[in-house]
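Peer 1: Chain order of the listed sequences is B and W.
Residue numbers for the first sequence follow full-length UniProt numbering, so the first one is 1 and each next one is one higher.
Residue numbers for the second sequence follow full-length UniProt numbering, so the first one is 1 and each next one is one higher.
Please see the structure below; I have some questions.
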Amino acid sequence: MTLRSPPLSEAHEAADARFTDFGGWEMPVEFASIREEHAAVRSSAGKFDVSHMGQVAVFGSDAAALTQRLTTNDVTALDYGEAQYGAITDEDGVMLDDTVVYRLPETEHDDFLFVPNAGHDGEMTERWEDHCEEWGLDAAVTNRTTEYAMIAIQGPDAPELLAEQTNANLGELDRFDIGGGAVAGVSSLVARTGYTGERGFEILCPSESAVTVWNAIECQPCGLGARDTLRLEMGFLLSGQDFHPEDEPRNPYEAGIGRTVKLDTEFVGRDALERVDAEGVSEKLVGVELIDRGIPRHGYEVESPDGDPLGHVTSGTMSPTLGEPIALAYLPVEYSEPDRSVRVVVRGEPKKARTRTPPFLDR
Amino acid sequence: MSFDVPEDRRYLESHEWVRPDDGTARVGITDFAQDELGDVVFVELPDEGEDVTAGEEFGVVESIKAVSDIYAPVSGTVAAVNERLFDEPELVNEDPFGDGWMLEIELTDEDELEDLLSPDEYADQIA
Chain B
1 MTLRSPPLSE AHEAADARFT DFGGWEMPVE FASIREEHAA VRSSAGKFDV SHMGQVAVFG
61 SDAAALTQRL TTNDVTALDY GEAQYGAITD EDGVMLDDTV VYRLPETEHD DFLFVPNAGH
121 DGEMTERWED HCEEWGLDAA VTNRTTEYAM IAIQGPDAPE LLAEQTNANL GELDRFDIGG
181 GAVAGVSSLV ARTGYTGERG FEILCPSESA VTVWNAIECQ PCGLGARDTL RLEMGFLLSG
241 QDFHPEDEPR NPYEAGIGRT VKLDTEFVGR DALERVDAEG VSEKLVGVEL IDRGIPRHGY
301 EVESPDGDPL GHVTSGTMSP TLGEPIALAY LPVEYSEPDR SVRVVVRGEP KKARTRTPPF
361 LDR
Chain W
1 MSFDVPEDRR YLESHEWVRP DDGTARVGIT DFAQDELGDV VFVELPDEGE DVTAGEEFGV
61 VESIKAVSDI YAPVSGTVAA VNERLFDEPE LVNEDPFGDG WMLEIELTDE DELEDLLSPD
121 EYADQIA
């Protein structure tokens with residue numbers, strides 16, 4: 001299969017980035033070094049090309065009703081220029097994806113824009129279209145993934161850096177707000193969202209102008225490697241790894257995002273999730289910190305101090321900020337309390353570890 | 001990008017180097033290997049006195065993004081371990097042919113060195 005390339009591909013090649021296949025996209029994984037890029041975001045600022053994230057627009061009188069019935073959060077609570085995080089679940093309440101739903105500023109043609117994960121844009125567009133038809137709703141769904149580039153500027157210096165290049169009133173943007181504005185002269189949407197735990201913004205601009213925006217914002221370019229270590233320090237989920245409809249079928253309560261499930265709304269999976277909410281979950285995504293030397297990795301077994309199997313690591317790394325090996329793992333719910341002793345089996349050797357409550361980093 | 005390939009040692013296709021010195025040999029991974037791995041954050045090595053066999057794995061080096069086995073270029077007994085790497089694994093990135101060395105091996109068969117790649121052969125491999 002041919003990999004999809006982001007509109008900034010040539011700029012990344014010129015910057016000597018290393019690339020990786022991620023969700024069917026050939027994306028930069030590293031520019032300088034993951035450690036340097038990670039540190040830049042935590043201490044000053046970094047820019048990420050996140051054009052591999054899907055952009056699906058929903059327009060029409062039933063745009064809100066359609067999106068409401070396909071996501072777990074309450075879309076109708078969104079005012080113009082506001083966004084929310086939510087999950088997309090099947091009838092059984094299993095997470096197919098997680099997403100940010102933007103209700104666009106009133107001046108935009110499209111009413112809503114939601115951002116599925118890399119490689120899910122086609123499938124989610126179809127899901128919206130099929131249900132729109134099935135339910136007889138009045139909405140048009142357009143996959144705008146190739147039209148838009150998405151650039152994230154993250155870090156304590158991000159507001160100042162972006163302010164130099166935009167006429168958007170950044171001071172008026174609260175967390176999860178989105179507004180219109182020009183960035184480096186390019187008509188864009190600017191949202192105060194991101195996935196690093198730092199202050200920051202995500203810019204949606206036309207693909208053909210992506211290079212202008214990217215070059216105008218002068219800070220450390222960062223790849224998917226640093227994005228992964230930054231999100232993991234915050235305990236944020238990675239689609240396909242911390243949940244996956246076939247390989248790791250999980251509901252939002254197990255995955256620790258039960259707050260995004262609004263049971264007083266109607267959506268696919270609601271009844272199943274109501275039952276889960278009433279009965280409680282038996283396993284939860286728990287933070288784990290290794291005490292012994294070693295690095296917990298995806299798939300490693302987690303066991304009790306007596307050697308009884310408990311679960312497995314879904315994401316793990318050496319935290320560049322903390323200098324500690326950290327992980328997320330689905331464990332029996334009684335292990336969701338911090339400081340429970342567990343072991344992570346690293347290449348056949350059980351290593352001492354303890355549970356922690358994410359985020360691993362205070363932000 | 002060009003990588004250092006010092007003339008005073010021999011190499012494995014799997015990117016380890018060995019520098020023989022009077023019956024013993026120092027072992028590490030190459031400049032190319034550390035660059036490919038990225039930020040090294042963990043190194044697992046055998047204890048002193050353990051035996052290693054040419055071509056077989058003797059340890060593990062982990063970067064933030066990857067886990068790689070390390071293979072012994074020669075057979076023998078581990079005479080010294082670079083314990084600095086346990087607290088400063090970044091030495092593998094900073095100085096792979098110097099302070100980032102991993103083991104010293106007392107050789108059981110010096111002829112094994114002849115089976116390894118010359119600096120020119122290794123430089124061709126990574127070119």
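Built from N, CA and C at the ideal position, the CB exists for glycine as well.
Owing to the predicted nature of the structure, the values given are computational and were not obtained by experimental measurement.
I want to see whether chain B comes within less than 9 angstroms of glutamate 56 (chain W), judged by CB atoms only; does it?
Peer 2: Chain B, which has no Cβ nearer than 9 angstroms to the Cβ of glutamate 56 (chain W), makes this no.
Peer 1: Report the start-end ranges of each alpha helix (DSSP H) in the stretch 21-83 of chain B that is 4 residues or longer and not cut off at the edges.
Peer 2: Qualifying alpha helix (DSSP H) stretches, in chain order: 34-43, 63-68.
Peer 1: Hey, valine 261 (chain B) and threonine 72 (chain B) are a contact pair by Cβ (cut 8 angstroms); roughly how many whole angstroms apart?
Peer 2: So it is a contact: roughly 4 angstroms between Cβ atoms.
Peer 1: Could you give the distance in angstroms between the alpha-carbon of aspartate 109 (chain W) and the alpha-carbon of glutamate 83 (chain W)?
Peer 2: Aspartate 109 (chain W) and glutamate 83 (chain W): Cα-Cα distance of roughly 26 angstroms.
Peer 1: Against isoleucine 64 (chain W), what residues of chain B qualify as contacts under a CB-to-CB distance less than 8 angstroms, listed in chain order?
Peer 2: Near isoleucine 64 (chain W) (Cβ distances below 8 angstroms), the residues of chain B are Ile34, Arg35, Gly225, Thr229, Thr317, Met318, Pro320.
Peer 1: Report the residue ranges of all beta strand (DSSP E) runs contained in full by the stretch 161-231 of chain B; include only those spanning at least 3 residues, in chain order.
Peer 2: List check, beta strand (DSSP E) in window: 178-183, 186-191, 200-206, 220-222.
Peer 1: Assuming contact is defined by CB atoms lying nearer than 9 angstroms, are leucine 117 (chain W) and arginine 19 (chain W) in contact in what I supplied?
Peer 2: No; because the gap between Cβ atoms is not below 9 angstroms, this pair is not in contact.
Peer 1: Should glutamate 91 (chain B) be labelled buried (16 or more other beta-carbon atoms within 10 Å of its own) or exposed?
Peer 2: Per the 10 Å Cβ criterion, exposed.
Peer 1: So with CB distances below 8 angstroms, who are the chain W contacts of arginine 127 (chain B)?
Peer 2: The contacting residues do not exist; arginine 127 (chain B) stays about 32 angstroms from chain W at best.
Peer 1: Is it right to say leucine 322 (chain B) is buried, meaning 16 or more other beta carbons lie within 10 angstroms of its own, or is it exposed?
Peer 2: Its Cβ having fewer than 16 others within 10 Å, leucine 322 (chain B) is exposed.
Peer 1: Only counting the same chain, and skipping five residues up and downstream in sequence, which positions put a Cβ closer than 6 angstroms to that of aspartate 74 (chain B)?
Peer 2: Correct list, in chain order: Lys262, Thr265.
Peer 1: What are the complete beta strand (DSSP E) segments, minimum 3 residues, inside the stretch 274-360 of chain B?
Peer 2: Qualifying beta strand (DSSP E) stretches, in chain order: 283-290, 301-303, 309-318, 325-332, 341-346, 349-356.
Peer 1: Is the stretch 208-221 of chain B touching the stretch 233-250 of chain B, taking contact as three or more C-beta pairs under 8 angstroms?
Peer 2: Result no; under three Cβ-Cβ pairs closer than 8 angstroms.
Peer 1: Does the count of Cβ pairs from the stretch 243-257 of chain B and the stretch 49-66 of chain B closer than 8 angstroms reach three?
Peer 2: Touching, no, given that fewer than three Cβ pairs across the two stretches are closer than 8 angstroms.
Peer 1: Using beta carbons (cut-off 9 angstroms, strictly below), is asparagine 93 (chain W) in contact with chain B?
Peer 2: At least one chain B Cβ lies under 9 angstroms of asparagine 93 (chain W).
Peer 1: Using 8 angstroms for Cβ pairs, my map puts valine 268 (chain B) next to serine 336 (chain B). What's the rounded Cβ distance?
Peer 2: Actually they do not touch by this definition, with Cβ atoms about 27 angstroms apart.
Peer 1: Can you grab the Cα-Cα spacing for the pair lysine 351 (chain B) / glutamate 283 (chain B), in whole Å?
Peer 2: Rounded to whole angstroms, lysine 351 (chain B) to glutamate 283 (chain B) spans 21 angstroms at the Cα level.
Peer 1: Less than 9 angstroms between the C-beta atoms of alanine 72 (chain W) and glycine 55 (chain W), yes or no?
Peer 2: It is a contact, given that the beta carbons lie within the stated cut-off.
Peer 1: Evaluate the contact criterion for the stretch 101-113 of chain B versus the stretch 292-305 of chain B: three or more CB pairs, one atom per stretch, below 8 angstroms.
Peer 2: No contact exists between the stretch 101-113 of chain B and the stretch 292-305 of chain B.
Peer 1: Just curious, the beta strand (DSSP E) that aspartate 97 (chain B) is in, first and last residue?
Peer 2: Here the beta strand (DSSP E) through aspartate 97 (chain B) covers 95-103.
Peer 1: Between the stretch 28-44 of chain B and the stretch 127-134 of chain B, can you find at least three pairs of beta-carbon atoms closer than 8 angstroms?
Peer 2: Contact fails: fewer than three Cβ-Cβ distances are below 8 angstroms.
Peer 1: Pairs of beta-carbons, one from the stretch 83-96 of chain W and one from the stretch 325-340 of chain B, closer than 8 angstroms: are there three or more?
Peer 2: Verdict: no, contact absent.
Peer 1: Rounded to the nearest angstrom, how far is the Cβ of alanine 139 (chain B) from that of methionine 53 (chain B), given a contact under 8 angstroms?
Peer 2: Between methionine 53 (chain B) and alanine 139 (chain B) the Cβ distance is about 22 angstroms, and since that is not below 8 angstroms, they are no contact.
Peer 1: Which whole-angstrom value describes the C-beta separation of valine 141 (chain B) and valine 50 (chain B), a residue pair presumed to lie in contact below a C-beta threshold of 8 angstroms?
Peer 2: The Cβ separation is near 21 angstroms, so there is no contact.
Peer 1: Roughly how many whole angstroms lie between the Cα atoms of valine 100 (chain B) and threonine 314 (chain B)?
Peer 2: Rounded to whole angstroms, valine 100 (chain B) to threonine 314 (chain B) spans 22 angstroms at the Cα level.
Peer 1: Between the alpha carbons of arginine 192 (chain B) and aspartate 39 (chain W), how many angstroms are there, rounded?
Peer 2: About 30 angstroms.
Peer 1: What in chain W is Cβ-close to glutamate 30 (chain B), meaning under 8 angstroms?
Peer 2: Ordered by position in chain W, the residues that pass the 8 angstroms Cβ test against glutamate 30 (chain B) are Gly38, Lys65.
Peer 1: With 9 angstroms set as the bound, which would you pick, yes or no: does the beta-carbon of valine 41 (chain W) sit closer than that to a beta-carbon of chain B?
Peer 2: Chain B contact via Cβ: present.
Peer 1: Is any beta-carbon of chain W found at less than 9 angstroms from that of isoleucine 295 (chain B)?
Peer 2: By this cut-off, isoleucine 295 (chain B) is an interface position.
Peer 1: Specify, as a first and last residue, the run of the alpha helix (DSSP H) that glutamate 121 (chain W) falls within.
Peer 2: Counting along the chain, the alpha helix (DSSP H) containing glutamate 121 (chain W) begins and ends at 119-126.
Peer 1: With a Cβ-Cβ cutoff of 9 angstroms, do isoleucine 70 (chain W) and valine 60 (chain W) count as a contact?
Peer 2: Yes, the Cβ-Cβ distance between isoleucine 70 (chain W) and valine 60 (chain W) is below 9 angstroms.
Peer 1: Is valine 60 (chain W) close to chain B, meaning its C-beta is less than 9 angstroms from at least one C-beta of that chain?
Peer 2: So yes, valine 60 (chain W) belongs to the interface.
Peer 1: With contact counted as at least three CB pairs below 8 angstroms, one residue from each stretch, are the stretch 17-34 of chain B and the stretch 198-207 of chain B in contact?
Peer 2: No, because fewer than three Cβ pairs between the stretch 17-34 of chain B and the stretch 198-207 of chain B fall closer than 8 angstroms, the two stretches do not touch.
Peer 1: Between proline 325 (chain B) and chain W, is there a C-beta pair that is closer than 9 angstroms?
Peer 2: Yes, its Cβ sits closer than 9 angstroms to a Cβ of chain W.
Peer 1: For proline 305 (chain B), count the other beta carbons within 10 Å of its own beta carbon; 16 or more makes it buried, fewer makes it exposed. Which is it?
Peer 2: The residue in question, proline 305 (chain B), is exposed, as its Cβ has fewer than 16 Cβ neighbours within 10 Å.
Peer 1: Tell me the start and end of each unbroken beta strand (DSSP E) in the UniProt domain "Lipoyl-binding" (24-106) of chain W that is at least 3 residues and wholly inside, in chain order.
Peer 2: Fully enclosed beta strand (DSSP E) runs of 3 or longer: 24-29, 40-44, 57-63, 67-71, 76-81.
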